[in-house]
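**Q**
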Amino acid sequence: MDRDVARIWIELGAVDASALLVVSLAIVRGLWIGMIREAFSLAALAAACLAIRFGTLPFADWLALNAPIDLAPLAARIAAGALLGFGALVLVGRVGAALRRGIRAVGLGLLDRLAGGGLGAAEGVLVVALAMLLVGAVLGTDHPALRDSRTLATLDAVRDGLRETPPDVAAPYEAE
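Under this note's numbering, the sequence shown is numbered contiguously, ending at residue 177.
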């Protein structure tokens, strides 16, 4: 049995094994902290992504003009993205902590823990997808570490599936 497990880990490759480990740890974390805290964790991650996506360029422009030191445009964008992402994480985390205090009286039951595990799985997949996006952008998807990755192939298939136009299943309207 141990040899079979070792063989599976070796065949996975470093990228796929890391992705599996991240998702597994996220599931365990979700089971541990429950649905309410996991939901706010996901919300914080989503808020950070949105803040970085939509706020980095305007904040980088402002930062380049108002920073106490001269910042190159790339340094201003990196600093702006990092500050916005961290700020969103902290803000949503603080709101979640305040709401949890009020909800704590309800208690954490088995259903809350199981739902937390499900949300943890979603969070793990999201973290892996974001990491693969970043690594693919930096190294290129043809890098030897990524070329044979099942994780990258799966994410590409999902992306391609989302780009397809769904079939028109509605019956055509015929005017009388």
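Here a beta-carbon is modelled for each residue, glycine too, at the ideal position from N, C-alpha and C.
(1) Once the 5 residues before and after residue 150 are set aside, which same chain residues still bring their CB inside 7 Å of it?
(2) Taking DSSP as the reference, what is the three-state secondary structure of residue 72?
(3) With a threshold of 16 other CB atoms inside 10 Å of the CB of residue 4, please say whether the residue is buried or exposed.
(4) For the alpha helix (DSSP H) that contains residue 142, what are its first and last residues?
(5) With 16 other CB atoms within 10 Å as the buried threshold, where does residue 28 fall?
(6) State the DSSP-derived secondary structure class of residue 166, mapped to helix, strand or coil.
(7) So, residue 121 versus residue 39, is the Cβ gap smaller than 8 Å?
(8) So, with DSSP's three-state summary, where would you put residue 149?
(9) Given residue 82, which residues of its chain have a CB within under 7 Å of its CB, disregarding the five upstream and five downstream residues?
(10) Do you know whose CA, among 135, 117, 84, lies nearest residue 63's CA?
(11) Report yes if the CB atom of residue 142 is closer than 8 Å to the CB atom of residue 153, and no otherwise.
(12) For residue 49 and residue 20, which I take to be in contact (beta-carbon distance under 8 Å), what is that distance rounded to the nearest angstrom?
(13) How is residue 97 classed by DSSP in three states: helix, strand or coil?
(14) In whole angstroms, what separates the C-alpha of residue 73 from that of residue 87?
**A** In short:
(1) In the sequence shown, the residue the question calls residue 150 occupies position 149. Excluding positions up to five away in sequence, the list reads 14, 16, 17.
(2) Your numbering for residue 72 matches position 71 in the sequence shown. Note: residue 72 maps to coil in three-state DSSP.
(3) For this step, residue 4 is matched to residue 3 along the sequence shown. Residue 4 comes out exposed.
(4) Residue 142 sits at position 141 when you count from the first residue of the sequence shown. Taken as a continuous stretch (DSSP letters only), residue 142 belongs to no alpha helix (DSSP H), as it is neither H nor E.
(5) Taking the sequence shown and counting its residues from 1, one reaches residue 28 at position 27. Label assigned to residue 28: buried.
(6) Position 165 of the sequence shown, counted from the first residue, corresponds to residue 166. Coil.
(7) If you number the sequence shown from 1, residue 121 lands on position 120. If you number the sequence shown from 1, residue 39 lands on position 38. Yes, Cβ-Cβ distance for residue 121 and residue 39 is below 8 Å.
(8) Your numbering for residue 149 matches position 148 in the sequence shown. DSSP places residue 149 in coil when its eight states are reduced to three.
(9) The residue labelled residue 82 in the question sits at position 81 within the sequence shown. Only 53, 57 meet the Cβ criterion.
(10) The sequence position of residue 63 within the sequence shown is 62, counting from 1. Per the Cα distances, 84.
(11) Position 141 of the sequence shown, counted from the start, is the residue given in the question as residue 142. Position 152 of the sequence shown, counted from the start, is the residue given in the question as residue 153. Contact flag set, yes.
(12) Along the sequence shown, one-based indexing puts residue 49 at 48. Along the sequence shown, one-based indexing puts residue 20 at 19. With 8 Å as the limit, residue 49 and residue 20 do not qualify as a contact, their Cβ atoms being about 20 Å apart.
(13) One-based indexing of the sequence shown puts residue 97 at position 96. Here residue 97 sits in helix by DSSP.
(14) Your numbering for residue 73 matches position 72 in the sequence shown. Your numbering for residue 87 matches position 86 in the sequence shown. Computed Cα separation, rounded: 21 Å.
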